[in-house]
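Engineer: Be aware that the sequence shown starts at 4, since it is given in my numbering, and climbs by one per residue. One structure, pasted below without further comment.
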Amino acid sequence: MSHPSNIVHCAGPADPHALDGISRRHRSGDLDNLCPVCAGYGQWNTQIDLVSHRSIRHACPKCDGRGWIETGDDMVPSPDIIRDPGAPPRWTVRLDASDDREGDDREGDDREGDDRE
Numbered sequence: 004m005s006h007p008s009n010i011v012h013c014a015g016p017a018d019p020h021a022l023d024g025i026s027r028r029h030r031s032g033d034l035d036n037l038c039p040v041c042a043g044y045g046q047w048n049t050q051i052d053l054v055s056h057r058s059i060r061h062a063c064p065k066c067d068g069r070g071w072i073e074t075g076d077d078m079v080p081s082p083d084i085i086r087d088p089g090a091p092p093r094w095t096v097r098l099d100a101s102d103d104r105e106g107d108d109r110e111g112d113d114r115e116g117d118d119r120e
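Structure follows, in structure tokens:
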């Protein structure tokens, strides 16, 4: 027997019902400001059933689901996978400089001296 459903699709955190059932993330560590994309929630619903409240969620790509961003010179942890020859892949934490530093006119990976393609 099927149950009634009313599924809503959300394109981003500003859509109605995108943040239903999601609490704002507590500030952890030394992260400085609320994420401008997700407003501190760290994720949003891409689909939500308004009857059963089951949902499919999307982690915020700006803050990696933390809800907060670093605006100073502190390094920001990001999950990553290391692949060594002849060994299985393994999870690690990569530390990168923040792309949200205050007073920094440069954006993202377009900085001088960055040789990544």
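Ideal placement from N, C-alpha and C gives every residue a C-beta, glycine not left out.
(1) Have a look at D122 and S5 and give me their C-alpha separation to the nearest angstrom.
(2) Looking at the structure shown, is N36 part of a helix, part of a strand, or coil, going by DSSP?
(3) Quick one: what's got a C-beta closer than 8 Å to H20's C-beta in the same chain, skipping five residues either side?
(4) Classify S26: buried if its beta carbon has 16 or more other beta carbons within 10 angstroms, exposed otherwise.
(5) If we call anything under 7 Å between Cβ atoms a contact, is G70 one with R28?
(6) Which residues does DSSP pair with I51 in a beta bridge?
(7) Between the Cα of G15 and the Cα atoms of N9, P92, M78 and K65, which residue gives the shortest distance?
(8) In the DSSP assignment, find the beta strand (DSSP E) that holds A100 and state where it starts and stops.
Structural biologist: In this structure, then:
(1) Only positions 4 to 120 of the chain appear in the structure, and residue 122 is not among them; the question remains open.
(2) Note: N36 maps to strand in three-state DSSP.
(3) V11, C13, N48, I51 and L53, listed in sequence order.
(4) S26 is exposed by the Cβ-count criterion.
(5) With contacts defined by Cβ atoms closer than 7 Å, G70 and R28 form a contacting pair.
(6) In the DSSP output, where bridge partners are listed per residue, I51 has V11 and S58.
(7) Measuring C-alpha to C-alpha distances from G15 to each of N9, P92, M78 and K65 identifies K65 as the nearest.
(8) Unbroken beta strand (DSSP E) run through A100: R93 to A100.
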